[in-house]
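Chains as they are written, first to last, in this note's numbering: chain A, 1 to 260; chain B, 261 to 540.
C-beta: ideal position from N, C-alpha, C; glycine also.
Being a predicted model, the structure only gives us computed values, none of them experimental.
Structure below.
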């Protein structure tokens, strides 16, 4: 669990260096038909921080990160990733921005028809075309060692457990050295022990790869372990933001219902 | 000259002339709207497919992999189907030809039937069942498990990687499978002819090929490419546009088979009409 001291250091550092914003979202709106999912959402992600986005199912958390990575196009608003406004980018420019962003899908999204090695090789071959086979192999082994599963390199995803699939999915995300990682409910569907392991792994990745992360979750233990800062979404809007300490001491009923 | 109508009267007239739609009409309108939306989706899908097909970065390795899966992996099924097709056609036709004393034209008749119609259509229908359903289920499950989105965030164009390669592989491999089925069909026919008599292999084949002309062969080959394209296109469209949830994977696979089979028959009907018109 991150201490209050660590949080204050991060927030102080953010205040001292206002230029360190890696993702800046302003007045974001997104609706599907008549249903408004995101309403005037504004948030920043600072360099090197883990920002946890909390919220009930259907509050727009996953839609938010899918908009950031360009999988969904917002109705209005700006999403600046390293000063590039994602919704206005053409395909080529978007691909360049995506090279800086890793995305851990809720389901893991490992390619069923490929082995673990091929799953990790796939983004490497497409995003870092200059690499030679030896370098690719070395990166794959390094990523697998970092998630503690080098022995499953030649297995198929169907031969892996839920926790292992999540780890391999994380390995596939970090193998291309992203600057930002977006985690979509990384502990959903896992037992408490494995959830804790994944949460600790998220911290390890942050330290080792010096990444900035947005972690979408409704798992409070995961939030406690990983969060430098939290934001709570309710009905597509930012309901509350601040440190873990602020959230845990909150008297607000909605927030308290999460931190029981 | 202006006619002044009181507001109350105007409201009454407006109410009288307001179109009242029954529930049945509303449902029909919604169904028509859905059909038009689906049609527009298909057009957009094909446009996107054509655009990506001619893009500079072609996924050649994946294309070869799909050719292997569609072509080589279908060989056992097509071998059995082709052989049985020729065998059954011979056994069924022989008694009629014997009755008219025209047994000698059996090899030629079977060859023409197989090459012009039965070979392409039956093989295409078998391929619609195997390949279109496979594509629908595979892409549908990839969509449900977010694999297509994962591909997109890895700077890979899913349309180029998944759809273009599959449609092109089907367009090229299905005509080859059809030719292979035709050849085995003639072999099956020779086998069938030998059950009630002894016909030398070389004599049977020379008889068969003496009845086949360029006009029999070319339209069949041309329509085979269209069969392949339609099977690949329908399978990929249904899978790529599958809904969320595991139920939609089954729906995508089933509707891919049904629509692909139907489209094969429609393309065949059109091809026959065009060939007939050109022959005149």
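8 Å Cβ cutoff, residue i in contact with chain B
i, result
"residue 107 (chain A)", "yes"
"residue 99 (chain A)", "yes"
"residue 32 (chain A)", "no"
"residue 164 (chain A)", "no"
"residue 61 (chain A)", "no"
"residue 1 (chain A)", "Here the model assigns residue 1 (chain A) a pLDDT of 47, short of 50, so the residue's position is not dependable and the matter cannot be decided."
"residue 111 (chain A)", "yes"
"residue 95 (chain A)", "yes"
"residue 103 (chain A)", "yes"
Residues that residue i contacts on chain A, provided the C-beta gap is smaller than 8 Å
i, result
"residue 326 (chain B)", "The contacting residues do not exist; residue 326 (chain B) stays about 11 Å from chain A at best."
Chain A contact for residue i (CB, 8 Å cutoff)
i, result
"residue 413 (chain B)", "yes"
"residue 407 (chain B)", "yes"
"residue 416 (chain B)", "yes"
"residue 397 (chain B)", "no"
"residue 410 (chain B)", "yes"
Rounded C-alpha distance that separates residue i from residue j
i, j, result
"residue 339 (chain B)", "residue 462 (chain B)", "21 Å"
"residue 493 (chain B)", "residue 423 (chain B)", "8 Å"
"residue 1 (chain A)", "residue 60 (chain A)", "With a pLDDT of 47 at residue 1 (chain A), under the threshold of 50, the predicted position of this residue should be treated as unreliable, though the coordinate-derived value follows. Cα to Cα, residue 1 (chain A) sits roughly 26 Å from residue 60 (chain A)."
"residue 401 (chain B)", "residue 506 (chain B)", "7 Å"
"residue 246 (chain A)", "residue 136 (chain A)", "44 Å"
"residue 371 (chain B)", "residue 477 (chain B)", "10 Å"
"residue 43 (chain A)", "residue 62 (chain A)", "15 Å"
"residue 116 (chain A)", "residue 175 (chain A)", "12 Å"
"residue 82 (chain A)", "residue 47 (chain A)", "10 Å"
"residue 355 (chain B)", "residue 349 (chain B)", "11 Å"
"residue 167 (chain A)", "residue 258 (chain A)", "26 Å"
"residue 20 (chain A)", "residue 210 (chain A)", "13 Å"
"residue 160 (chain A)", "residue 288 (chain B)", "49 Å"
"residue 107 (chain A)", "residue 194 (chain A)", "15 Å"
"residue 405 (chain B)", "residue 297 (chain B)", "25 Å"
"residue 142 (chain A)", "residue 531 (chain B)", "57 Å"
"residue 534 (chain B)", "residue 132 (chain A)", "53 Å"
"residue 244 (chain A)", "residue 501 (chain B)", "41 Å"
Cβ distance (whole Å) where residue i is taken to contact residue j below 8 Å
i, j, result
"residue 109 (chain A)", "residue 158 (chain A)", "Residue 109 (chain A) to residue 158 (chain A), Cβ: 14 Å. No contact."
"residue 54 (chain A)", "residue 223 (chain A)", "6 Å"
"residue 25 (chain A)", "residue 77 (chain A)", "7 Å"
"residue 466 (chain B)", "residue 346 (chain B)", "Not really, about 16 Å apart at Cβ, beyond 8 Å."
"residue 440 (chain B)", "residue 302 (chain B)", "Wrong, their Cβ atoms sit about 31 Å apart, outside the cutoff."
"residue 491 (chain B)", "residue 434 (chain B)", "6 Å"
"residue 486 (chain B)", "residue 527 (chain B)", "5 Å"
"residue 299 (chain B)", "residue 367 (chain B)", "About 46 Å separates the two Cβ atoms, so there is no contact after all."
"residue 104 (chain A)", "residue 186 (chain A)", "6 Å"
"residue 68 (chain A)", "residue 233 (chain A)", "Wrong, their Cβ atoms sit about 14 Å apart, outside the cutoff."
"residue 74 (chain A)", "residue 29 (chain A)", "6 Å"
"residue 214 (chain B)", "residue 330 (chain B)", "Outside the displayed range of chain B (261 to 540) lies residue 214 (chain B), so it cannot be described from this structure."
"residue 437 (chain B)", "residue 390 (chain B)", "In fact, because the Cβ distance is near 10 Å, the residues do not count as touching under 8 Å."
Closer than 9 Å at the beta carbon, the chain A residues around residue i
i, result
"residue 300 (chain B)", "Per Cβ cutoff of 9 Å: no residues; residue 300 (chain B) is ~17 Å from chain A at best."
Amino acids of chain B, ordered along the chain, whose beta-carbon sits closer than 7 Å to that of residue i
i, result
"residue 73 (chain A)", "Those within 7 Å of residue 73 (chain A) in chain B number zero; the least Cβ separation is about 13 Å."
"residue 122 (chain A)", "414"
Neighbour list for residue i in chain B, Cβ cutoff strictly below 8 Å
i, result
"residue 127 (chain A)", "414, 415"
"residue 69 (chain A)", "413"
Distance cut-off 7 Å: residue i Cβ against heavy atoms of the ligand NAD
i, result
"residue 59 (chain A)", "By its list of ligands, the structure shown contains no ligand whatsoever, and the ligand NAD lies outside what it can speak to."
Short CB-CB distance (under 8 Å) between residue i and chain C
i, result
"residue 196 (chain A)", "Here the protein chains are A and B, and chain C is not one of them."
**Length at least 3, wholly inside the segment 156 to 217 of chain A: the beta strand (DSSP E) runs in chain order** = Within the segment 156 to 217 of chain A, the complete beta strand (DSSP E) runs of at least 3 residues fall at 180 to 184, 212 to 217.
**Request:** Note down, one range per segment and in chain order, each beta strand (DSSP E) of at least 3 residues found wholly within the segment 44 to 119 of chain A.
**Result:** 50 to 55, 76 to 81, 101 to 104
**Prompt:** Which parts of the segment 213 to 260 of chain A are runs of the beta strand (DSSP E), unbroken and 3 residues or longer, counting only runs that do not cross its ends?
**Reply:** 229 to 234, 237 to 242
**Asked** Residue ranges of each alpha helix (DSSP H) run of no fewer than 4 residues wholly in the segment 324 to 394 of chain B, ordered along the chain?
**Response** The segment 324 to 394 of chain B contains these whole alpha helix (DSSP H) runs: 335 to 359, 366 to 373, 379 to 387.
**Request:** Run through the segment 445 to 517 of chain B for me and flag every whole alpha helix (DSSP H) of 4 or more residues, listed as ranges in chain order.
**Result:** The segment 445 to 517 of chain B contains these whole alpha helix (DSSP H) runs: 461 to 470, 474 to 500.
**Message:** Report the start-end ranges of each alpha helix (DSSP H) in the segment 388 to 445 of chain B that is 4 residues or longer and not cut off at the edges.
**Reply:** 393 to 404, 407 to 413
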